[in-house]
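In this note's numbering, the protein residues as written are 347 to 729. Think of the CB as a built atom: it goes at the ideal place given N, C-alpha and C, for glycine as much as any other residue. Since we're looking at a predicted model, the values are computed, not measured. See structure below.
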């Protein structure tokens, strides 16, 4: 099924809805969590499926919040299922939603990226907490990354094929690709060690500054990548896994290259550290893999092409003039920071505190304000 225009494209929604493992896990979690008479908040409602499942589970009121044009389908699906008296479609960005008629006891959303925290759900859930009851239950409640040492041979073959296309040498392209984070669907025989889960990360906690794991190697030979998947806890006893050995989902595995390859011996342990950045949803991670004697490092920012303006646009820190809706929040952030002037010696922490004080409803905590200021400063410095 052709997918072209992102989450506002009906085909993109259909692609996720056809993921039986995803839909089944969320349906079971909602049925186990929602009580008769509950008020539920569905953030990023998309097609409206989760909101409608909450209504069928007994919710008295469901707020289906969707900021994109998909709100049209949410409304149609509410009417089609005869749930207009229960589910209310709310066309808004959560940032601009400062209250609901009733505080929800359950907050549900599916904002898990291929790399689990890649869709800024930490910030979204912390903002949703402000709209919810103090005892609100979150779906999902937490997630764990799962790591495995790998040698994806299909990716090796593709790189070899690209090195010489129709007799033309394309080494510069291959060099960039070899160090690039890749989304791929790995098979069990691509792994050279068992998958290992990292620590459980609470979904409404601040985004961790690093993700670490100690990964076993079971096969002597080269390790060329670290495969990362996730396991999300949707409700007690209900997990959703994208692991290599799990049921197939629409999610792909995130493959962090180890370049040059690390020659390892069966029984070795690799220390892995992933470092998400402010613009983590655009894949700008850095990473480190070590076997105790040799360390390999990677940095996605170094692989971006173009001049400063092109790089900033790729990172979403510079938006073409046509994208005024995206520019407006950044202008508000600058206005909040610059009010009263900024001392050149002002620290990032001081600027973040000023932003949070001026726009408390837009940032769930100081960490999110700090990230916003850092992104603005990068844009200003390189623009």
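Buried or exposed (CB count within 10 angstroms, at least 16 for buried), residue i
{"i": "residue 642", "result": "buried"}
{"i": "residue 718", "result": "buried"}
{"i": "residue 529", "result": "exposed"}
{"i": "residue 444", "result": "exposed"}
{"i": "residue 714", "result": "buried"}
{"i": "residue 507", "result": "exposed"}
{"i": "residue 588", "result": "buried"}
{"i": "residue 575", "result": "buried"}
{"i": "residue 710", "result": "buried"}
{"i": "residue 448", "result": "exposed"}
{"i": "residue 579", "result": "buried"}
{"i": "residue 669", "result": "Because residue 669 sits at a pLDDT of 44, beneath the cut-off of 50, its placement in the model cannot be relied upon, and the point is left open."}
{"i": "residue 620", "result": "buried"}
{"i": "residue 639", "result": "exposed"}
{"i": "residue 391", "result": "buried"}
{"i": "residue 440", "result": "buried"}
{"i": "residue 672", "result": "Interpretation of residue 672 is limited by its pLDDT of 49, a score under 50 that renders its predicted location unreliable; the figure taken from the coordinates is listed afterwards. By the neighbour-count rule (16 or more Cβ atoms within 10 Å), residue 672 is not buried but exposed."}
{"i": "residue 501", "result": "buried"}
{"i": "residue 591", "result": "exposed"}
{"i": "residue 536", "result": "buried"}
Beta-ladder partner(s) of residue i, from DSSP
{"i": "residue 680", "result": "None, per the DSSP bridge assignment."}
{"i": "residue 498", "result": "Beta-bridge pairing links residue 498 to no other residue."}
{"i": "residue 391", "result": "Residue 391 is not bridged to any residue."}
{"i": "residue 572", "result": "495 and 602"}
{"i": "residue 644", "result": "633"}
{"i": "residue 609", "result": "568"}
{"i": "residue 460", "result": "None; residue 460 has no bridge partner."}
{"i": "residue 547", "result": "489"}
{"i": "residue 619", "result": "558 and 634"}
{"i": "residue 721", "result": "DSSP output for residue 721 lists no bridge partner at all."}
{"i": "residue 510", "result": "515"}
{"i": "residue 579", "result": "488 and 585"}
{"i": "residue 385", "result": "407"}
Start-to-end residues for the alpha helix (DSSP H) that takes in residue i
{"i": "residue 708", "result": "Residue 708 -> no alpha helix (DSSP H), and no H or E assigned at all."}
{"i": "residue 529", "result": "Per DSSP, residue 529 belongs to no alpha helix (DSSP H); it is in the beta strand (DSSP E), 528-530."}
{"i": "residue 470", "result": "467-477"}
{"i": "residue 369", "result": "366-379"}
Bounding residues of the beta strand (DSSP E) (the contiguous stretch that carries residue i)
{"i": "residue 521", "result": "Residue 521 -> not in any beta strand (DSSP E); alpha helix (DSSP H) instead, spanning 517-524."}
{"i": "residue 425", "result": "Here residue 425 belongs to no beta strand (DSSP E); instead the alpha helix (DSSP H) covers 417-426."}
{"i": "residue 437", "result": "433-437"}
{"i": "residue 358", "result": "Where residue 358 is concerned, there is no enclosing beta strand (DSSP E), although the alpha helix (DSSP H) it sits in stretches over 356-363."}
{"i": "residue 453", "result": "452-455"}
{"i": "residue 540", "result": "Careful: residue 540 lies outside any beta strand (DSSP E) and carries neither H nor E."}
{"i": "residue 412", "result": "407-412"}
Rounded Cβ spacing between residue i and residue j (contact assumed at less than 8 Å)
{"i": "residue 368", "j": "residue 647", "result": "With 8 Å as the limit, residue 368 and residue 647 do not qualify as a contact, their Cβ atoms being about 31 Å apart."}
{"i": "residue 433", "j": "residue 403", "result": "Incorrect: roughly 12 Å between the Cβ atoms, too far for contact."}
{"i": "residue 393", "j": "residue 419", "result": "6 Å"}
{"i": "residue 584", "j": "residue 405", "result": "Actually they are not in contact, since the Cβ atoms of residue 584 and residue 405 sit about 18 Å apart, beyond 8 Å."}
{"i": "residue 435", "j": "residue 413", "result": "Rounded, the Cβ-Cβ distance is 12 Å, inconsistent with contact."}
{"i": "residue 577", "j": "residue 696", "result": "So it is not a contact: roughly 39 Å between Cβ atoms."}
{"i": "residue 464", "j": "residue 549", "result": "Actually they are not in contact, since the Cβ atoms of residue 464 and residue 549 sit about 13 Å apart, beyond 8 Å."}
C-beta neighbour in chain C for residue i, strict 8 Å
{"i": "residue 373", "result": "Protein chains in the displayed structure number just one, and chain C is not present."}
Residue i Cβ short of 7 Å to the ligand SAH heavy atom set
{"i": "residue 622", "result": "Only the bare structure without any ligand can be found here, which leaves the ligand SAH out of the picture."}
Quick check: the region 510-517 against the region 471-481, are there 3 or more CB pairs under 8 Å? no
Does the count of Cβ pairs from the region 374-386 and the region 595-602 closer than 8 Å reach three? no
Sufficient close CB pairs (3 or more, under 8 Å) joining the region 517-525 to the region 554-564: Under the three-pair Cβ rule at 8 Å, the region 517-525 does not count as touching the region 554-564.
Would you be able to state if there are at least three C-beta pairs under 8 Å between the region 483-496 and the region 565-575? yes
Does the count of Cβ pairs from the region 439-459 and the region 382-401 closer than 8 Å reach three? yes
Give a yes or no on contact between the region 559-566 and the region 536-544, applying the rule of three or more CB pairs nearer than 8 Å. Yes: at least three Cβ pairs fall under 8 Å.
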